[in-house]
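Have a look at the structure below before the remarks.
Numbering (the numbering used here), first residue to last: 101 to 255.
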């Protein structure tokens, strides 16, 4: 082995040791920064997904509140309707000469004495009492059934 060959080999070993040392000291920073970038991207995407879920949840909660409000309005309306149907309507009902049975049944329904004017008229027709309706003033109320009303206005 010659002196120059030994120096060349030593120089080569020295350069490779320097190169490996620099890689050893600086490469972990490059590798870890790459890992940190990937982790940061993953965290950002998870945060974005979580924000989207929170927005959807807020929209659903808003929709639920709207539906609850609509439900309470419907309940209030139905309670109002129940109270209307539960009320007893009294009327002083006057039948004038020449009024038809249909007109009378319609007027009874308008005054809320009857719920269904057609069924009342049908009962009058079934009993052939359309021509037996008396003229005059009658005290009627909504608790009376069709038979009671027919009896009062035909006797």
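Every residue, glycine too, gets a C-beta built ideally from N, C-alpha and C.
Check the C-beta distance from residue 205 over to residue 217 and give it rounded, since I have them as a contact under 8 Å.
4 Å
Return the CA-CA distance between residue 138 and residue 116, expressed in angstroms with no decimal places.
31 Å
Reducing DSSP to helix, strand and coil, say where residue 189 ends up.
coil
Taking DSSP as the reference, what is the three-state secondary structure of residue 167?
helix
If you run the structure through DSSP and keep just helix, strand and coil, what is residue 198?
coil
Is the separation between the beta-carbon of residue 213 and that of residue 233 shorter than 7 Å?
no
Going by the CB atoms, is the gap between residue 194 and residue 237 shorter than 7 Å?
yes
Do residue 191 and residue 223 have their C-beta atoms closer together than 7 Å?
no
Between the beta-carbon of residue 201 and the beta-carbon of residue 230, is there less than 7 Å?
yes
Within 10 Å of its beta-carbon, does residue 164 have 16 or more other beta-carbons around it, so buried, or fewer, so exposed?
exposed
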